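Each residue of the sequence shown is one higher than the one before, counting from 371 in this note's numbering.
Here the structure is laid out as structure tokens; the discussion comes afterwards.
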Amino acid sequence: MRNEMMSRPVINEKVLQYLRQQPVPLSPKLRGIEEFANEKRIPIIPHETVSYLYQLVNQLRPTKILEVGTAIGFSAALFVEASQQQTRVTTIDRFEEMYQRAQTNWQSLGYQSQIQLLTGDAADILPMLTGQYELIFLDAAKAQYINFLPEALRLLAPEGVLLIDDVLQGGTIFEPIESIRHRDKGIHRHLNQLLDTVYADDELLTTLLPLGDGLLKITRREIQK
Ligand SMILES: C[S@@+](CC[C@H](N)C(=O)[O-])C[C@H]1O[C@@H](n2cnc3c(N)ncnc32)[C@H](O)[C@@H]1O
Numbered sequence: 371m372r373n374e375m376m377s378r379p380v381i382n383e384k385v386l387q388y389l390r391q392q393p394v395p396l397s398p399k400l401r402g403i404e405e406f407a408n409e410k411r412i413p414i415i416p417h418e419t420v421s422y423l424y425q426l427v428n429q430l431r432p433t434k435i436l437e438v439g440t441a442i443g444f445s446a447a448l449f450v451e452a453s454q455q456q457t458r459v460t461t462i463d464r465f466e467e468m469y470q471r472a473q474t475n476w477q478s479l480g481y482q483s484q485i486q487l488l489t490g491d492a493a494d495i496l497p498m499l500t501g502q503y504e505l506i507f508l509d510a511a512k513a514q515y516i517n518f519l520p521e522a523l524r525l526l527a528p529e530g531v532l533l534i535d536d537v538l539q540g541g542t543i544f545e546p547i548e549s550i551r552h553r554d555k556g557i558h559r560h561l562n563q564l565l566d567t568v569y570a571d572d573e574l575l576t577t578l579l580p581l582g583d584g585l586l587k588i589t590r591r592e593i594q595k
């Protein structure tokens, strides 16, 4: 399962290379999982996003994190490490081959008690979740983000941060739909709808970071009444 957008940088190639070479204080085992995934082209977050998420989690120290898109468990384990093992992660995936490997990886890292795996389609699972999460990370089927958004906002703690990964389609997202390949038109339309929705919502503060294929960061704005 390749993510072809990983090799279509949305920033200058030299800047990207620089960011991808910078150190992040991962444990040797977790660094090994990152290297394995990159070698096998398993679509985990790219290194520049690893660096950003590590710093964010280390700074915010969220006690509860929700993730949609586990893959082989790399980012969930990153959250545990970056929080100095202070956070509990709930992560959702529907692809057995991936999440079985995630469970093996968490066991080898010793993080299995801090990570709860929910298996199935996030569209079915998200409406059943309760409680509040200080950090929510959507990293799954891009065409569904717009459907996940209301549930993610419902589950987001008042001061929480919602991150949505891979929203730029290698930068093609701003091109007219007629120029987009037939099979990508649905994603193109849904991602544009997502961007329009969050930027138009005056209860939200939204910023778009050019990390990887674009990381959308959303917080709640306090409206003075
Ligand atoms: C990009 S990978 C996640 C990478 C992971 N967050 C990391 O960086 O280590 C996307 C994952 O989302 C899962 N996925 C996609 N759509 C989903 C859905 N609707 N419900 C549950 N899982 C989904 C796929 O099976 C895949 O494993």
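Glycine is no exception: its CB is placed at the ideal position from the N, C-alpha and C atoms.
Bear in mind that the values here come from a model prediction, so they are computed numbers and not experimental data.
Q.
Please list the terminal residues of the continuous beta strand (DSSP E) segment that includes Ala527.
A. Walking along the sequence shown from the start, residue 527 turns up at place 157. Looking at the DSSP string, the run of the beta strand (DSSP E) that includes Ala527 is Leu526 to Asp535.
Q.
Using C-beta distances below 8 Å, list every residue in its chain close to Thr440, excluding the 5 sequence neighbours before and after it, in chain order.
A. Working through the sequence shown from its first residue, we reach residue 440 at position 70. Within the same chain, Thr440 has close Cβ partners Ala446, Thr461, Ile462, Asp463, Met468, Tyr469, Ala472 and Leu487.
(Q) Considering just the uninterrupted stretch of the alpha helix (DSSP H) at Asp494, what are its terminal residues? (A) Numbered from its first residue, the sequence shown carries residue 494 at position 124. Segment Ala492 to Ile495, the alpha helix (DSSP H) holding Asp494.
Q: Take Leu538 as the anchor and find which of Gln482, Val385, Gln455 and Asn562 has the nearest alpha-carbon.
A: By 1-based counting over the sequence shown, the position of residue 538 is 168. Of the candidates Gln482, Val385, Gln455 and Asn562, the one whose C-alpha sits nearest the C-alpha of Leu538 is Asn562.
**Q.** N- and C-terminal bounds of the alpha helix (DSSP H) containing Asp566
**A.** Taking the first residue of the sequence shown as position 1, residue 566 is located at position 196. Segment Lys555 to Ala570, the alpha helix (DSSP H) holding Asp566.
Q.
Taking the alpha helix (DSSP H) that Arg390 belongs to, which residues open and close that run?
A. What you label residue 390 is simply residue 20 of the sequence shown in a count that begins at 1. Segment Glu383 to Gln391, the alpha helix (DSSP H) holding Arg390.
Q) Beta carbon of Arg533, beta carbon of Leu508: below 9 Å? A) Translated into positions along the sequence shown, residue 533 becomes position 163. Translated into positions along the sequence shown, residue 508 becomes position 138. One point to set straight first is that residue 533 is Leu, not Arg, in the sequence displayed. Yes, Cβ-Cβ distance for Leu533 and Leu508 is below 9 Å.
**Q.** Own chain partners of Pro379 with C-beta closer than 7 Å, once the 5 adjacent residues on each side are dropped
**A.** Working through the sequence shown from its first residue, we reach residue 379 at position 9. Closer than 7 Å at the Cβ level, and outside the excluded window around Pro379, lie Leu386.
Q. What do you reckon, are the CB atoms on Glu404 and Phe444 nearer than 9 Å?
A. Indexing the sequence shown from 1 puts residue 404 at position 34. Indexing the sequence shown from 1 puts residue 444 at position 74. Yes, these two residues count as a Cβ contact at 9 Å.
Q) Buried or exposed: which applies to Thr577, given that a residue is buried once 16 or more other Cβ atoms fall within 10 Å of its Cβ? A) In the sequence shown, residue 577 corresponds to position 207, counting from 1. The residue in question, Thr577, is exposed, as its Cβ has fewer than 16 Cβ neighbours within 10 Å.
Q) With respect to 8 Å, is the separation between the Cβ of Ile462 and the closest non-hydrogen atom of ligand 1 below this value? A) Start at 1 with the first residue of the sequence shown, and residue 462 comes out as number 92. The answer is yes for Ile462.
Q) Can you pull the DSSP bridge partners for Lys587? A) Counting from 1 along the sequence shown, the entry for residue 587 is found at position 217. Per DSSP, Leu533 and Thr577.
Q) CB Arg590 to CB Pro528, shorter than 9 Å? A) As a first step, residue 590 must be located in the sequence shown, where it is residue number 220. As a first step, residue 528 must be located in the sequence shown, where it is residue number 158. Yes. Within cutoff.
Q.
Within the continuous alpha helix (DSSP H) that includes Tyr422, where are the two ends?
A. Taking the sequence shown and counting its residues from 1, one reaches residue 422 at position 52. Run containing Tyr422: His417 to Leu430, per the alpha helix (DSSP H) assignment.
**Q.** Supposed contact pair Val438 and Ala513 - C-beta distance, whole angstroms, cut 8 Å
**A.** Within the sequence shown, the letter at position 143 stands for residue 513. Within the sequence shown, the letter at position 68 stands for residue 438. Rounded, the Cβ-Cβ distance is 13 Å, inconsistent with contact.
**Q.** Proximity test, Ile414 beta-carbon vs ligand 1 heavy atom, cut-off 8 Å
**A.** Along the sequence shown, read from residue 1 onward, the residue named residue 414 stands at position 44. Indeed, a heavy atom of ligand 1 lies less than 8 Å from the Cβ.
Q: Given a cut-off of 9 Å, decide if Arg458 and Lys434 are closer than it, judged by their beta-carbon atoms.
A: As a first step, residue 434 is located in the sequence shown; it is residue number 64 there, counting from the start. As a first step, residue 458 is located in the sequence shown; it is residue number 88 there, counting from the start. In contact: Lys434 and Arg458 (Cβ atoms closer than 9 Å).
Q) Do Met498 and ligand 1 come close, with the Cβ less than 8 Å from some heavy atom? A) On the sequence shown, residue 498 is found 128 positions in, with the first residue counted as 1. Because no heavy atom of ligand 1 lies under 8 Å away, the Cβ of Met498 does not count as near it: no.
Q: Keeping to the same chain, check which residues put their C-beta closer than 8 Å to that of Glu521; ignore five residues upstream and five downstream.
A: By 1-based counting over the sequence shown, the position of residue 521 is 151. If we look at Glu521 and ignore the five residues flanking it on each side, its Cβ neighbours are Leu496, Pro497 and Leu499.
Q: Measuring alpha carbon to alpha carbon, tell me which of Glu383, Ile588, Ile442 and Gly556 ends up nearest Arg411.
A: The residue you call residue 411 lines up with position 41 of the sequence shown. The residue from Glu383, Ile588, Ile442 and Gly556 with its alpha-carbon nearest to that of Arg411 is Ile442.
(Q) Restricting to Cα atoms, I'd like to know which of Ile588, Gly501, Pro393 and Gly480 is closest to Tyr569. (A) Here residue 569 refers to the residue found at position 199 when the sequence shown is read from its first residue. Taking only the C-alpha atoms, the option nearest Tyr569 is Ile588.
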